[in-house]
Amino acid sequence: MKKRNKRLKPAGTKQKLALGLLFMFGGFGLSAQTLDLETCLRMADTANLTIRNARLDVAINQKQIAAYNAARLPKVNLSADYKYNAIIPGQLIPAEFFGGPPGTYQTVAFGVPFNLGNTIQLSQVLYNPQVNYAIQALNLNQKIIEIQQRITEQDVKNQVASTFFNLQAITKQITFLEENVANMNKLIRNMDLMAKEGLVITTEADKLRINRLNVENSLQSIKATRDQLEALLKIMIGMDPQQTITLSADDLVQKSILHDKEEVNHPELELLDTQLQLNKEERKGTTMAYLPSLSFYAAYNYTYNINPEDDFRTGIESAFIGLRLDWTLFDGLEKHNNQKKNAITREKIENQQQLATQQLQLATDNARRQIDIQMNALTISKEQLALAEKVYKQSEIQFSEGTIGSNDLITAENALQQAQTNVVSAYVQLRQAELAYLKSIGNIK
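Residues 7 to 451 (my numbering) make up the sequence shown, in order.
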């Protein structure tokens, strides 16, 4: 009998869709995301918790301003008082009112056991000399918080960019070391073959193995540092800690972050200038506190009285309107001392303005000088790397020909590694100098 091959039924439409979604989302979960500096800064701008909290501070202050403006509207209050007089209060009245002997008094109870009272009151401030000051102070405080938000954003972006450059450089350093280890493995294999043929002694290969172990140890240490920097970067840009990332090569961070024209923007000076304006408004507010304030109020009251014993029930209405004047004639020199304090604070802010201007200018000048210094250092490091590569290649040839020993080859290898480290460090230092310059002018984008 011939066996019949079972034919597989084609998957249905729903099954195909489910499999497609599984592969699609599975692929997204496993794929690494490639990030450049611009992407990292953009992600931090929306996901960094420090920046988000700074923006929440702005929103909170906006609500505080709205709450203050709402407090200036008329107020309507309702109060209710439901009372049972277990002992009706009394009052002494001369007995002669009731025909009694003069000089004696009679206790008379006033009221009924049950009193139900309801009062509605309307109040409205008509004139308060400090209202305008408070509004202006709140608006200036809002401006201060917004400037602080911008400073926070600059600080966070500076941290993100600095971490990005360090991570990018350390990744390149790992590539160099891995290439060096691979090259040393090739040399060791050749040495082992030559040792079997009796052309060289085994200690020559062992020296290379020792040097390889040193490089591998450095490689593991650098990889641990890379993992720490990756974790830090993910936190700052709001990425899932489990997400795999790779950084754009950017030709070993060779792309300058400076532009042809950099706009100078000093939020620190804006902050101090706004604080000085707030100080002036506070002085005005203290002066206006010498003036009186005037408010209007009106109330309606309805009290319902009940005496169950006499089956007595009656309601009593009352209503009134009035004006209230509040004027502090003497406050124990409190406002006078506040004015003195305000003058000292103003002098302090002016000193801070002068100091901040000098410090920012110094930071900008130093950053410019560092850019020139690091550019020159980078040029020298590139030349040193080219020479080290040339020397190492020549040493490899000479070692293969037997004209030099393993010590000379290891020396050339170490010199090459140092040159590689120097050129990577020079790139990072140059980018950090550019970053310091952008931070000094408040223009990290």
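All C-beta atoms in this analysis are idealised placements derived from N, C-alpha and C, irrespective of residue type, glycine included.
Fair warning: this is a prediction, and the values are worked out from it, not measured in the lab.
Would you kindly work out how many angstroms separate the C-alpha atoms of Gln423 and Leu205, rounded to a whole number? In the sequence shown, residue 423 corresponds to position 417, counting from 1. In the sequence shown, residue 205 corresponds to position 199, counting from 1. Each residue's alpha carbon lies about 28 Å from the other.
message: Given this structure, state the Cα-to-Cα distance separating Ala72 from Ile447, to the nearest angstrom.
response: Taking the sequence shown and counting its residues from 1, the one referred to as residue 72 is at position 66. Taking the sequence shown and counting its residues from 1, the one referred to as residue 447 is at position 441. Cα to Cα, the separation comes out at about 34 Å.
Worksheet item: For Arg218, is the classification buried or exposed, using 16 other Cβ atoms within 10 angstroms of its Cβ as the cut-off for buried?
Response: Within the sequence shown, numbered from 1, the residue matching residue 218 stands at position 212. When all chains shown are included, Arg218 counts as buried.
- Message: What would DSSP say about Phe302, mapped onto helix, strand or coil?
- Response: Locating residue 302 in the sequence shown gives position 296, counting from the first residue. Strand.
Checklist line | Three-state secondary structure (DSSP) of Arg78 | finding: Against the sequence shown, residue 78 aligns to sequence position 72. Three-state result, Arg78: coil.
Pro119 at chain B interface by Cβ criterion, 8 Å: Here there is only one protein chain, and chain B is not present.
> DSSP on Asp317, reduced to helix/strand/coil?
Replying inline: Translated into the one-based positions of the sequence shown, residue 317 becomes position 311. Coil.
Review point. From what residue to what residue does the beta strand (DSSP E) around Ala115 run?
Key: Here residue 115 is taken as the residue at index 109 of the sequence shown, counted from 1. Where Ala115 is concerned, the enclosing beta strand (DSSP E) stretches over 111-115.
Discussion item. Assess contact between the stretch 376-383 and the stretch 435-443, defined as three or more Cβ pairs (one per stretch) separated by less than 8 Å. Is contact present?
Written reply: yes
| Looking at C-beta atoms only, is the number of pairs between the stretch 406-416 and the stretch 120-138 that lie closer than 8 Å three or more? | no
Buried or exposed by the 16-neighbour rule on C-beta atoms within 10 Å, applied to Thr292: In the sequence shown, residue 292 corresponds to position 286, counting from 1. That one is buried.
Determine the DSSP secondary structure at Ala86, reduced to helix, strand or coil. Within the sequence shown, residue 86 is the residue found at index 80, counting from 1. Here Ala86 sits in strand by DSSP.
Could you give the DSSP three-state label for Gln136: helix, strand or coil? Mapped onto the sequence shown, residue 136 falls at position 130. In the structure shown, Gln136 sits in coil (DSSP, three-state: anything other than H, G, I, E or B).
Met190 and Glu210 - do their beta-carbons sit closer together than 8 Å? One-based indexing of the sequence shown puts residue 210 at position 204. One-based indexing of the sequence shown puts residue 190 at position 184. Contact: no.
Indicate the three-state DSSP secondary structure (helix, strand or coil) for Ser262 in the structure shown.
Locating residue 262 in the sequence shown gives position 256, counting from the first residue. Ser262: coil per DSSP, three-state reduction.
_Strictly by DSSP, which residues pair up with Ile251?_
Mapped onto the sequence shown, residue 251 falls at position 245. BP columns for Ile251 point to Gln39.
task = Would you kindly check if the distance between the Cβ of Ala425 and the Cβ of Ala394 is under 8 Å?
result = Working through the sequence shown from its first residue, we reach residue 394 at position 388. Working through the sequence shown from its first residue, we reach residue 425 at position 419. In contact: Ala394 and Ala425 (Cβ atoms closer than 8 Å).
- [ ] Just tell me which of Leu225, Asp42, Ala143, Glu203 has its CA closest to the CA of Gln179.
- [x] Taking the first residue of the sequence shown as position 1, residue 179 is located at position 173. Considering only alpha carbons, the answer is Leu225.
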